[in-house]
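S.K.: As they're listed, the protein sequences go chains A and B. Residue numbering for the first sequence follows the working numbering, starting at 1 and increasing by one per position. Residue numbering for the second sequence follows the working numbering, starting at 520 and increasing by one per position. For each residue, glycine too, the CB sits at the ideal point set by N, CA and C. A quick note: this is a predicted structure, and the numbers were derived from the prediction, not measured. Quick one: this structure, given as structure tokens, is what I'll be asking you about.
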Amino acid sequence: MPNNILSFLLLLPFAGTFLIGIMPQTAARGTAIFLSAMMCVISGFIAMHFNPASTDMQFVQQMTWFKTPIPVEYHVGVDGMSLCLILLTSFVTLMAVLASTSIGDRRPKLYYSMIMLLTLSIMGVFVSQDLLQFFVMYELELVPMYFLIAIWGGPNRDYAAMKFLLYTFFGGILMLGGLLYLYFQLGQTGIDNHTFNMVEMAKQSSSLMKSTQSLACLGFLLAFIIKLPSFPFHTWLPDAHVEAPTPVSMILAGLLLKMGSYGLVRICLGFFPDIIRDWGPYLILLGAFNVVWAAVACLVQTDMKRVIAFSSVSHMGFVLIGVASLSAAALSGAIFQMVSHGVISAALFFLVGCIYERCHTRDIHEIGGGLAKQMPFVFYFWMLAAMANLGLPGLAGFVAEATVFYGTFTSPMATAGISPDPTMVDFALKFACLGVILSAGYMLWLLKRLFYGPEQPKWAGHLSDMTQTEKLVATCLSAFIIALGVYPLMLTNTYTAYSDQMTKSIQARLSPTSNVIVR
Amino acid sequence: MSDVATCLLNSHWIVLLPFLAGALIILGCSLFKDKMPKTLCMGISIAAVFYGFLQSLLIFNELRQTPTPYMSDIDWFVSDSFKITVGILVDNLASLMLIVVTLVSLLVQIYTHGYMREDPGYRRFYSYLSLFTGSMLGLVISTNLIQMFIFWELVGVCSYLLIGFWWNKPSAAAACVKAFVVNRIGDFGFLIGILLLLSATYGFWHAHADHGLLMFYDPQVGGIDGVTLSGAIKWALDPAHGTLTQSFLTAISMIMFLGPMAKSAQAPLHVWLPDAMEGPTPISALIHAATMVAAGIYMVARAYPIWLDWTNIAEPSTASAGLAYVAWIGGITAFMAATIALTQFDIKRALAWSTVSQLGYMFVGLGCGGYSAGMFHLTTHAFFKAMLFLCSGAVIHALHGEQDMRQMGGLFGKVKYTATCFLIGTLAISGVPGFAGFFSKDEIIGTAFAWQGPGHEVLAWLMVFTAGMTAYYMFRMFFMTFTGTYRGSAHVHEEHKPDPLTVPLLVLAVPSIAAGAVGADLQQFIAHIGSSEGYASPFSNFVHFMHPHAEVINMSAMTASTVFSLVGIALAFALYYKKGFALDVAIEKKIPALYRFSLNKWYWDELYMAVTNFLLTAFKQVWECVDKHVIDNIVNLQRYIFLGFGHLLKYSENGRGQSYALTIFAGVALIGLFVYFFVSSP
């Protein structure tokens, strides 16, 4: 097994960025499809050779660039959680590239090369084991995303791109602040091993004073919940989605948001578990508030893409709840939610795009319903994706929500004695359960207003059903939604070793002497 | 391996085959479009459920001889601290439900061929029917509460798909959304109930992390004890662990009851069921009369330990607050739905209200401690209500889609098979002695009289009174539809010989007459009339909780309910057959408020719509204020700040070499001065 396979995986989109630039315009799409398919193959290959029982980083490759004044390294590796997200990234990228037919001849070279750059950055975030490199990759995403929205976006794209830039940039500065603060504080503890190695930093950071830790944690936390996104930093998401072209929305919802949730687990939880424990009840409350607030917001939207965008905010609230509850089950559910939401939201945005391309409007009133008559296939796939999104058992969304709920209800955070505020957690969870009703409400309402009812005369004869490519994309996404829902073990097996070990080590720190049941 | 073991071992195929059939039809249709032969779709679908029916009979037969439940499980979700499994549990209760579901489903699928023959969605309909049958059977053989929840939602979504089957009808589109959302409110309670129960019994499951969560049965121990739901409740109630108190358990049971309340259409979550009649009639019979709506009753029966009173841990009692709540909700719903059914004119909606009312009876049975009585009524009701719905479908079919009873009348001679079956069903549901409904409903009323819970006398008499109303509105329907003169204008499609539409009716007529007498053992029943000694009927010997219940035949209750029924029938006869005196018109004229209250279904829908609209409008204002005005304006302000800086600074970049040189010079001069004054001074 070559241990530079991860570098090879990163090299593909990196090379693709330039390769597509120098190739003829007609070959751009083909090359992009080929490269993303290759990424799928390689990540599949990695998954096959991955040892799920081990909690260590695997396929590690580390190279020092320079050491003074600060150590700068190239350092990659994967564990269970990273691997799941890499698989998700390759898959969703391939789907997004396939779905990019509407780009046509509007500067396809630049478009596909930007997509490749974006993939590099996302992939880089998930495999980086060096904090500085993580930060660079995290920020790199800004460049292609800005252009993808600002060039190929809808009528109001300038505003949306600027808003996206502002929010993310703000987050980046906070993270940089947190990162440097952490580095220099660690430097003062007397450990003379200056490093940005994330595994090392996770071990060392607990030796810092609590006030120091909380300041550093705050920087990271804010950066990640902007990306997640969470109330009150969520308003960039609906705007960015509405203006972004379909495939970019797929990547945005499917992958970009996962960078935030991944950071929450890897850095906030991994580096500062004590702080997350202290803030846990408030984070759970925030998560629950997100779930409900965004779900009700869906009910008052008139733009179908905004509904799906807000539903993303609502679903990412579950990740926040899962991460903050410090239980193995809930963390496992949170990671599952990252993957399942990645696939489901990609499918939904894709399907929204299918309608938009035919009706040229996203306004629910203007569409008026009755689309099922002319687009039966779009309707069936919509139905499946909508059901998955509202958490129907047997489909991917349910597993994550149910485990997050179960894990949190039985977590240390809901237990008197360990948790700073068990009553608040208890309340927050029951509040979040309202999401079960609301998600059904907005999804079915949307489905009804788009597809049900008599056919509108203005659409008669103007609409066509899915093309072969669209069917292929929808079928692949649906297959994953069903597979993950029917047999979740195939995904959880990959990362349980990681999530169990993570929570175990945290809980051991929480109750070192008492023999409270470790949940 | 013995035959018994093989038979039970293969039970999973009962569930899997309909799913495979559904998937196969969907696959075939998406590949071959209209080239997929219709008869093949029907054949695949019916074959799957027919297999299920045969095997259910075999299982029933095996369990009657050797009543050892069979269970097997596979892991579905595993984490460090818990395990969720899915599998099959075949015991007496499940085997009874298996027969009910497969039989009704089989007959409805045959009927569908006649009913939906002309419909362009014929193939799609069969695929949904198969998926529903599979989900319902999966619910029946669930080994644990979580698996039950999973299939509980799946039957809900199948119901949604089938109610909205004719998606171009706006009323159907609204009805399916309403059905799903109301059911989701129930699921919300169900879910919170499960979670509260799990968090209260956490230590127990943690100690048995190799077992699945919330199992109904433990094959190593047998009975309800062991690593099961009731085992966990016992453990947690034990003062040594003390993570649960009886009052908290009662609270859990009440919250969890929201689930059955929605699924089985009990007040105040009953509003979806009458609207669900927008779906094609075969599914009204299958899903919204016989099987899915009974899932709530089945769930309470399965998870009965949650509803019990465990003050005496060794001998849990049915005199619990949780069950009293169940009984009263059921009783109120039964009464309310019956009053509404009195004035409805749509034949299917009237039947739907009667379903709501009968489901209420079943909950009264379960709630008053009559476990077997409730399940007995579920069984008999499934047969005669499915038949009544199929009859109404046949009438609608004969009248080319007319559902208003005011446009019917005098159909007896024209659709004689249907009319005969409808009469049998009406007699059965009215509780006329000898028919199926008489035995089961009487057992419930008897149980209600024997019950010692809060307000027991009132509840029992309410049930007796409701039985009278039931007889009245059912015969009102019968007379309005089949007797008198034809009032409609559509051409009546007459029946001549049995066809796919009528054969299922005739088959269902048999259990509608006889199921009661067989289940209660007529001979024994007659022998025990008037005696103070109870006897355990064959039904309660087969399906019971912990131990069979010896039923004393309560002569006075039986007489009372029979008298009330007969009065109801006589009233309907006088009003709608003889048209002797116009009591209904008098009520409509004299007390219009009461009449309209019933006609408009107690104004539940109006209330809910008003509340929802109010909340949504209010939220919209809050949301616009917070998201759009406050947060976005802060962001926009930043944007303007940046832009403002940009505008200021852009004057410094004027492109003239001299001014850049000047700036550089000034900068160097400033730094020089700074160094000179502040840094270099020794």
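Considering only the beta carbon of each residue, do B:Leu-650 and B:Phe-538 sit closer than 8 Å?
M.R.: In this structure, B:Phe-538 lies closer than 8 Å to B:Leu-650 by Cβ.
S.K.: My guess is that B:Ser-564 and B:Ala-542 are in contact by the Cβ rule of under 8 Å, so how many angstroms apart are they, rounded?
M.R.: Wrong, their Cβ atoms sit about 11 Å apart, outside the cutoff.
S.K.: Distance, Cα to Cα, A:Ser-464 vs A:Ala-479?
M.R.: Distance between the alpha carbons of A:Ser-464 and A:Ala-479: 23 Å.
S.K.: Taking the C-alpha atoms as reference points, what is the distance between B:Met-590 and B:Gly-741?
M.R.: Taking the straight line from one Cα to the other gives about 11 Å.
S.K.: List, in order along the chain, the chain A residues whose C-beta lies closer than 7 Å to that of B:Leu-626?
M.R.: Correct list: empty, because the minimum Cβ distance to chain A is about 27 Å.
S.K.: Please name the residues in the region 676-692 of chain B whose beta-carbon is closer than 9 Å to at least one beta-carbon of chain A, in chain order.
M.R.: The residues in question are Val-676, Tyr-679, Leu-680, Gly-683, Trp-686, Asn-687, Lys-688, Pro-689, Ala-691, Ala-692.
S.K.: Examine chain B for any beta-carbon lying closer than 8 Å to the beta-carbon of A:Arg-509, and answer yes or no.
M.R.: Answer no: the Cβ-Cβ gap between A:Arg-509 and chain B never drops below 8 Å.
S.K.: Name, going along the chain, the residues of the region 591-605 of chain B whose beta-carbon falls closer than 8 Å to a beta-carbon of chain A.
M.R.: Cβ contacts with chain A come from Asp-594, Trp-595, Phe-596, Val-597, Ser-598, Asp-599, Ser-600, Phe-601.
S.K.: I'd like the list of long-range same chain contacts for A:Leu-384, defined as Cβ closer than 6 Å, with 5 residues on each side in sequence excluded.
M.R.: Hits under 6 Å: Ser-478.
S.K.: Going by CA-CA distance only, name the one from B:Ala-1112, B:Ile-832, B:Cys-695 that's closest to B:Leu-763.
M.R.: When each option's Cα is compared against that of B:Leu-763, the closest is B:Ile-832.
S.K.: Please decide whether B:Val-998 counts as near chain A, where near means a Cβ-Cβ distance under 8 Å.
M.R.: In the sequence under discussion, the amino acid at residue 998 of chain B is Phe, which differs from the Val named in the question. Output row for B:Phe-998: interface = no.
S.K.: Using CA coordinates, which residue listed in B:Leu-1085, B:Lys-867, B:Tyr-721, B:Ile-704 is at the minimum distance from B:Ser-783?
M.R.: It is B:Ile-704 whose Cα lies nearest to the Cα of B:Ser-783.
S.K.: Given a cut-off of 8 Å, decide if B:Ala-698 and B:Trp-826 are closer than it, judged by their beta-carbon atoms.
M.R.: No, Cβ-Cβ distance for B:Trp-826 and B:Ala-698 is not below 8 Å.
S.K.: Out of curiosity, what's the CA-to-CA distance linking B:Met-635 and B:Ile-802?
M.R.: Taking the straight line from one Cα to the other gives about 11 Å.
S.K.: Got a sec, what are the start and stop residues for the beta strand (DSSP E) B:Asp-594 sits in?
M.R.: Segment 589-597, the beta strand (DSSP E) holding B:Asp-594.
S.K.: Helix or strand or just coil, what does DSSP make of A:Asp-421?
M.R.: Here A:Asp-421 sits in coil by DSSP.
S.K.: Hey, how far is the Cα of B:Met-996 from the Cα of B:Ala-1076?
M.R.: Each residue's Cα considered, the two are about 26 Å apart.
S.K.: Using 8 Å as the limit for Cβ to Cβ distance, is A:Phe-451 near chain B?
M.R.: Yes - at least one Cβ of chain B is within 8 Å of the one on A:Phe-451.
S.K.: B:Leu-608 bridges to which residues according to DSSP?
M.R.: BP columns for B:Leu-608 point to B:Met-590.
S.K.: What does B:Ser-718 touch in chain A if you count any residue whose Cβ is under 8 Å from its own?
M.R.: Within 8 Å Cβ-Cβ: Phe-409, Thr-410, Ala-414.
S.K.: Can you list, in chain order, the residues of its chain whose CB lies under 6 Å from that of A:Ile-517, leaving out five sequence neighbours each side?
M.R.: Legend: pLDDT at A:Ile-517 = 43, less than 50; position of this residue unreliable, value from coordinates given subsequently. Nothing meets the Cβ criterion.
S.K.: Could you check if A:Gly-16 is buried or exposed, using at least 16 other CB atoms within 10 Å of its CB as the buried criterion?
M.R.: So A:Gly-16 counts as buried.
S.K.: Grouping DSSP H, G and I as helix and E and B as strand, with all else coil, what is B:Phe-776?
M.R.: If DSSP states are grouped into helix, strand and coil, B:Phe-776 belongs with coil.
S.K.: Beta-carbon of B:Arg-583 versus every beta-carbon of chain A: anything under 8 Å?
M.R.: By this cut-off, B:Arg-583 is not an interface position.
S.K.: Using only CA atoms, which one of B:Ala-843, B:Met-881, B:Ala-1034 lies nearest to B:Phe-902?
M.R.: Of B:Ala-843, B:Met-881, B:Ala-1034, the residue nearest in Cα terms is B:Ala-1034.
S.K.: Can you name the residues of chain A whose CB is closer than 7 Å to the CB of B:Leu-1135?
M.R.: Neighbours of B:Leu-1135 on chain A, chain order: Leu-299, Val-300.
S.K.: Quick one: give me the first and last residue of the beta strand (DSSP E) that A:Gln-301 is part of.
M.R.: Per DSSP, A:Gln-301 belongs to no beta strand (DSSP E) and is neither H nor E.
S.K.: Could you check if A:His-241 is buried or exposed, using at least 16 other CB atoms within 10 Å of its CB as the buried criterion?
M.R.: Buried: at least 16 other Cβ atoms inside 10 Å.
S.K.: Tell me whether B:Val-1022 sits in a helix, a strand or coil according to DSSP, three-state version.
M.R.: Of the three classes helix, strand and coil, the one that applies to B:Val-1022 here is helix, per DSSP.
S.K.: What is the DSSP secondary structure of A:Glu-73, reduced to helix, strand or coil?
M.R.: In this structure, A:Glu-73 counts as strand in the three-state DSSP scheme.
S.K.: Can you tell me which of B:Pro-1057, B:Asp-1146, B:Ile-963, B:Arg-925 puts its alpha carbon nearest to the alpha carbon of B:Tyr-1005?
M.R.: Cα-wise, what sits closest to B:Tyr-1005 is B:Arg-925.
S.K.: Secondary structure at A:Val-516, three-state DSSP: helix, strand or coil?
M.R.: A caution first: A:Val-516 carries a pLDDT of 43, below 50, which makes its placement in the model too unreliable to give a value.
S.K.: Thinking C-beta only, is A:Gln-62 closer than 8 Å to A:His-75?
M.R.: Yes. Within cutoff.
S.K.: For a test of the three-state rule: what should DSSP assign to B:Ile-1048, helix, strand or coil?
M.R.: Residue state, collapsed to three classes: coil.
S.K.: In this structure, how does DSSP classify B:Gln-574 when only helix, strand and coil are distinguished?
M.R.: Helix, per DSSP.
S.K.: Out of B:Ile-545, B:Tyr-880, B:Met-855, B:Gly-675, state which residue places its alpha-carbon closest to the alpha-carbon of B:Ala-498.
M.R.: Residue 498 of chain B is absent from the structure shown; chain B starts at 520 and stops at 1201.
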